[in-house]
Amino acid sequence: MMESNLSKIEPVLDRYAAEPGSLITILQHTQEIYGYIPKDVMYRISERTGITPAEIMGVATFYSQFRLKPIGRYLIMLCQGTACHVNGSEKIAAAITNELGISDGETTDDGLFSLKSVACLGCCSLSPVMMINGETYGRLTPDKAVEILRSLRKESENK
Amino acid sequence: MKIVVGEGSCGIAAGAAKVYSALESALNGVNAELTFTGCNGMCFLEPIVDICDKGNLIKRLVRVTPGDAGKIAAFVNGDGDAVKDLEISDDDKAFLDKQTRIALRHCGVINPEKIEEYTATDGYKALRKVLTSMTPEEVIEVIKTSGLAGRGGAGFPTWFKWNAARQSPGEEKYLICNADEGDPGAFMDRAVIESDPHNLIEGMLIGAYAIGAKEAIVYVRAEYPLAISRLEKAISQAEEAGYLGDSILGSGFNCKMRIKAGAGAFVCGEETALIESLQGERGMPRLKPPFPAASGYWYKPSNINNVETFANVSWIILNGGEAFAAMGTENSKGTKVFALTGKVKKGGLVEIPMGKTLRDVIFDIGGGIKEDKEFKAVQMGGPSGGCIPASLLDTRIDYKELAATGAIMGSGGMVVMDSSTCMVSMARFFLDFTAKESCGKCVHCRIGTKRMLEMLDRIVKGKGKDGDIELLEELCFAVKDGALCGLGQTAPNPVLSTIRYFRDEYEAHINEKRCPAHSCGDLLSYSIDPAACRGCTLCSKKCPVGAISGTVKNPHTIDSEACVKCGSCFNVCKFGAVKVN
Amino acid sequence: MNSIKVKIDGREYVCENGMTVLQVARANGIDIPALCFIDELKPYGACGICTVEAANTPKLLRACATTVFDGMEISTNSDRIRRSRKTALELLLSDHTGDCRGPCSLNCPAGTDCQGYVKLISEGKYKEATALVKERVPLPASIGRVCPHPCETACRRNFVEQPLSIAFLKAFAADRDLASGDKYMPDPAPSSGKSVGIIGGGPAGLTAAYFLAVKGHAVTVYDSMPKMGGMLRYGIPQYRLPKEVLDMEIDTIEKLGVTLRNNIRIGKDISFDEIKTKYDATLVAIGAWQSSSMGVPGEELDGVIGGIDFLRSIALGNPVSIGKNVAVCGGGNTAMDACRSAVRLGAENVYVIYRRTRDEMPAEKVEIDEAEEEGVQYRFLCNPDEITGENGRVNGIKLQKMRLGEPDAGGRRRPVPIEGEFEYTDIDTVIMAIGQRISPEGFDELEFNQRGNISADESTFRTSVEGVFAVGDATNRGASIAIEAIGEAQKASEVIDSYLNGGIIPYKKPYFVEKTVTEADFADRERIPRAKMPQRSPEERKHDFNEINLGLSEETAKAEAKRCLECGCHDYYDCKLIKYANQYDVSPAKYAGEKHNCDKETQLVSIERDQNKCILCNLCVRVCDEEAGKGIIGLVGRGFTTVIKPEFDNVPEVTAFCKDCLKCVASCPTGALKALK
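Chains as they are written, first to last, in the working numbering: chain W, 1 to 159; chain A, 1001 to 1581; chain H, 2001 to 2677.
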């Protein structure tokens, strides 16, 4: 197992470890710092907070925001809201899967893209919608979605 | 002149931030102030740019692109016609004019990041009134008079909850705002926080005063980063201005406020699950009773309301409970905000008095169905709600009347569907959602929703069998009865309401292996009518799997083995040659 | 504490304020089922089994968590509640993978707890093992020797190498018990004052007599033969079942106070009506004692004898002369008994005539082989066409040659005559072992079915006559194996007991959770060959009727018992889930769908966890957390895919904390957790 730089989480723990009920907040910071929630960091959290590792694992696997594995450079969050569904989000999902060869929750072999279905992003009027690294893409068609992915790939190759 | 860009999440998604930067450069050196506001709810017209002069809106420009920045600069510089093609039409203007805005009254009007804009529009006046001239009991009395009911879904009288928490013994009490807007089709709470955060803070402070809480917490979905950052700003501004903290406005009333970001779990919309989550635990509902009013956050008396509920409070205090109660029906008072989406022409946020009909919202305000197709149903209440068919379009917006249809008022998601939406697939969509979001604690919900989903899955794949509808109904009733919390108890609603109104669609899937809406891929087959095909090759170019062959000007054919039933050919054919069976 | 009054199911109870509905109900002997609740822990509310209704409350309430109030009116058993509980159980079972009972037990017509007694044998507890067998089979030493053991057919050791030698182990334990000088005797209930007359002292009649006597009823068994035992005595040769063994087991039944009356034939020595009126209940278990005939010309000749008639004559010690050449027609176990007996009587040529081939023979393979070892000659694909004779006595048999055609409905290939091809053999005696029928004389009052057997209800064993029950070979589908008759008799004894107590409770096949397995599931098992039963050599044994098997040694028996794969759930007798499942008459198949798939059993210190049986009641997690103060296991994931795991699956880390208090195991309502020690 890769070892994480535990010193990065210490300030977060200094701030929250003693405050009851802050486990979710701590895990959110952990994910911000490391991109996901590494196991050794969870043990560190356990040491500092006194919360058992089993409980931390329970919380980390309950909420869909948390990831226990690193993700690709581009995180495609495909909205699963009702409006998106009515406007054909399933076809967008199929097009993405077809283009990248990954299904929900998976990352491409080159580590470039991760696909994640998410609950409503709240941009219902632009449905169907996906969000990639904070940028929202609306009124998608399968073609348009594929185009966006290809341009991101190109962009990363040029870097 | 003041140039105001609408920067709600969906405005930004539509390109408002790019428009803003374009304007920054275009207006460089021009005598105009560039600023932004939240979301005015006209999502179908985003990005929107308002041009104001001396406090008056003189031009509302819609679907603005960064390329239009120059035109706006030209207009500011005196070219009166420069933005003519961007101006909102009279018809679209009516979208807002036909609404009655209370909860959304500042949305898209003020800059949400400036407390002074809020105070300039009577902001924090209600708080001052409460703290200086009213007892908590009087506040609760006003809310009782107003008839305000919980806008999160269940419609429980707000005063009753406040009173219960007030009456609960104990010094330490909490006021919690549920901003974990979970219905995948509702976004009014996000709009309120992004566009008018101080209104929420003010409403919460009044509530905290009423129940005797010294701490208030906003539980916001993590998917709403913009809302969180604007609310953070607003809280620190309010603290600085003395609206939050010790002895607020010198009244001796202390209250602090903080934000807790959720981490993605629909079930946390359920009060007790939300409390568990606030305590850093898995969001699994507690047994009720005890209710949060008696034992909530850290097992202290707590009161939870949702964003829209709080957004009405300051208005009610300022205008009186009677003014609020004057709107609406016998059972449902005031206004309600709806997130109108789906196959409707004008999608966005609609706030109207209770008692208006669904037809008023969808046709009068929403402009009817896209491409003038036939209206089929409207989904209300999201995963806990149901589908209301065309025959019930004249149902009034009223908690009881909507419940009678099998749907619920819910948080106000209103997803419009036309003839291309398969109702069985719709039910499957919601069950997929609830099954994924079930916390897994109680048996009825954990396994029941999974089994319902599997049955629906079979039906949309053409593998349904005789008796499936009855079995599905039986399971639905059992889950309604046996599930522990609201999520499970209402999860069967989308299934039951679609069976109730669209049983024939279920039967067509099961008995004839046919999807009347031509939507369920497994039940479709595409073919090309050689008589109608002109050999334009468009379909074969669009086919993602190369299943269409043919030469120019000769009829094309589809290899049904290779076809993935995506419908691209059907959509692109200009001659109606692609047939769906 | 102030007292309040509540009404439960219409009756008023006084209880303390602050109690839950569940506490009040249980304190007053009202059973409310619950899976996720134990007294030591706070209510959790997950299982949804303890739901009750309260007046003026539209929602169902969870009894474990609802506090009573003065004047509360509670209903614990309405239709709505039963429906809700049933659905919850069905949903749980739709995601519950395991085997309540091993396939051995499920395939045993008497439902014997094979796995249980095999385990006891492996521990050297022979009396306990015998006692456990005798909960279903009162003649284990006899049955263990002769049973065609459907248990072994189903044994999953078949996937590894060979089935466990279950039947012989049963005989081993019972022999040890009989020889111990302190043989197992059940403890009969006090006298009920009721009486039962049983007609027929075969395996069925004796079984019913045993169980009814244990229940305190006065039982009398009538039999037309000189001794009890029926076909076990008169149809099974001594070399397979020494009658001394049978005598000892019958002795136990007699010692229970059962009156045994032999040499009494119904309709001759006593009328059916007399028995019927004399006893509070009557059981007819007369068996099928008449050989079927083939309808071949020459069957009336001297020297043609029925298989069971032949065996009976030997058992009675009558002189039997069969000559040098004997033909036995048929391919079943009676044919084997007959041909091997003929060998022992000194016949030079013993032919077994069978119209199909060896593979299709219904007899047990071991019998077929042993007969051959003893010199029996098989004439396959032959069917008697005519029995020839001279002066009224057999002198030969004409055989029609056959071939195998298309499979019949049962999957066996149908024999088809080859036109014009015949064989002729000189024969002195022809033994017809092709089946047996009932002799209905004396039972005219009863209703018979089209096959000529007594009609008895499948679940109550009632006949057309009030108070008269019937089981075994004489009923419904006719003759079968002994264990089948024993199974019916055991079930019938329960029904008759309920009948005597005033309300008949039909037998209902219990619901069991069963899983499907394949050979692949056992790929990693060590191959251990099946214990071989020591036998006398064919040369030696074929000359006398002494028992051919010498019995398993203790060492071999224990080692053999340890081969058991222990397929059945260790928690079967304590499992709340299966108890409730049967109380609520579940049919979970309608909700069949995806199941949790957790192949791996993780081993946590001295606990074995089988997540396939977990119902997520979370008791283990809570008890570890709240009671043991450890918190080393937890819920992982959410919704349907939730599982309970030790932290990060990190067993070595966890073992450092786990104190082996086993509170989790004790709290588990199903067999998901097992203490390894």
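Glycine residues also receive a C-beta, built at the ideal position from the N, C-alpha and C atoms.
- With its beta carbon at least 7 angstroms from every one in chain A, Tyr2117/H lies outside the interface.
- Here Ala1517/A is buried: its Cβ has 16 or more other Cβ atoms, across all protein chains shown, within 10 Å.
- Taking all protein chains in view, the Cβ of Lys1441/A is crowded by 16 or more other Cβ atoms within 10 Å, so the residue is classified as buried.
- Looking at the DSSP output, Thr1341/A bridges to Val1415/A.
- Taking a contact as a CB-CB distance under 8 angstroms, the pair Ser2192/H and Tyr2279/H does not count as one, their CB atoms being some 13 angstroms apart.
- Taken in chain order, the complete beta strand (DSSP E) segments of 3 or more residues contained in the segment 1491 to 1540 of chain A are 1526 to 1528.
- Of all residues in the segment 32 to 63 of chain W, those with a C-beta nearer than 7 angstroms to a C-beta of chain H are Lys39, Thr52, Pro53, Ala54, Glu55, Met57, Gly58, Thr61, Phe62, reading in chain order.
- Between the C-alpha atoms of Leu1034/A and Val1076/A there is a straight-line separation of about 11 angstroms.
- Lys1288/A sits buried, since 16 or more C-beta atoms from the chains shown fall within 10 Å of its C-beta.
- By the 16-neighbour rule on beta-carbons within 10 angstroms, Val2137/H is buried.
- At a beta-carbon threshold of 8 angstroms, the residues of chain H lying near Gly1440/A are Leu2616, Leu2635, Gly2637, Arg2638, Gly2639, Phe2640, Thr2641, Thr2642, ordered along the chain.
- For Leu2041/H, the nearest beta carbon of chain A is not closer than 7 angstroms to its own beta carbon.
- Each residue's CA atom was taken as its position, placing Ser2105/H and Pro2140/H some 15 angstroms apart.
- Annotated three-state conformation of Thr141/W is coil, per DSSP.
- For Ile1048/A against Arg1060/A, the beta-carbon gap comes to about 7 angstroms, under 8 angstroms, which counts as contact.
- Of the residues Thr1132/A, Cys1543/A, Phe1575/A, the one whose Cα lies closest to the Cα of Ala1562/A is Cys1543/A.
- Taking 4 residues as the shortest admissible run, the segment 2355 to 2441 of chain H contains the following complete alpha helix (DSSP H) segments, listed from N- to C-terminal end: 2365 to 2373.
- Sequence-ordered contacts of the segment 102 to 128 of chain W with chain A read Val118, Ala119, Cys120, Leu121, Gly122, Cys123, Cys124, Ser125, Leu126, Ser127 [C-beta pairs closer than 8 angstroms].
- The alpha-carbon of Glu1505/A is positioned some 34 angstroms away from that of Thr1329/A.
- Interface flag for Gly2629/H against chain W is unset, since no Cβ pair is found closer than 7 angstroms.
- DSSP, read as helix, strand or coil, puts Arg1221/A in coil.
- Taken in chain order, the whole beta strand (DSSP E) runs of length 3 or more contained in the segment 2438 to 2492 of chain H are 2468 to 2470.
- With a cutoff of 7 angstroms on beta-carbon distance, Asn1178/A and Ala1311/A are scored as not near each other.
- The shortest CA-to-CA distance from Met1409/A to any of Leu1484/A, Gly1320/A, Gly1152/A is the one to Gly1152/A.
- Of all residues in the segment 1265 to 1282 of chain A, only Ala1265, Phe1266, Ser1277, Leu1278, Gln1279, Gly1280, Glu1281, Arg1282 place a beta-carbon less than 8 angstroms from a beta-carbon of chain W.
- When secondary structure is reduced to three states using DSSP, Lys2007/H falls in the strand class.
- Counted as a single uninterrupted DSSP element, the alpha helix (DSSP H) harbouring Val1307/A occupies residues 1307 to 1319.
- The C-beta distance from Leu2092/H to Leu2577/H rounds to 6 angstroms, short enough to fall under 8 angstroms.
- Residue burial annotation: Gln1237/A is buried, with at least 16 other C-beta atoms found within 10 angstroms of its C-beta.
- Here DSSP, grouped into helix, strand and coil, assigns Ala2675/H to strand.
- At the C-beta level, Arg1221/A and Asp1196/A stay beyond 7 angstroms of one another.
- Secondary structure at Tyr2351/H: strand, using DSSP grouped into helix, strand and coil.
- Under the Cβ criterion of 7 angstroms, Arg1190/A is counted among the residues facing chain W.
- Distance between Thr2425/H and Arg2379/H, taken at the CA atoms: about 11 angstroms.
- Taking a Cβ-Cβ cut-off of 7 angstroms, the neighbours of Ile24/W in chain A comprise Ala1263, Ser1277, Gly1280, given in sequence order.
- Residues of chain W with a Cβ closer than 9 angstroms to the Cβ of Ser1009/A are, in chain order, Leu121, Gly122, Cys123, Thr136.
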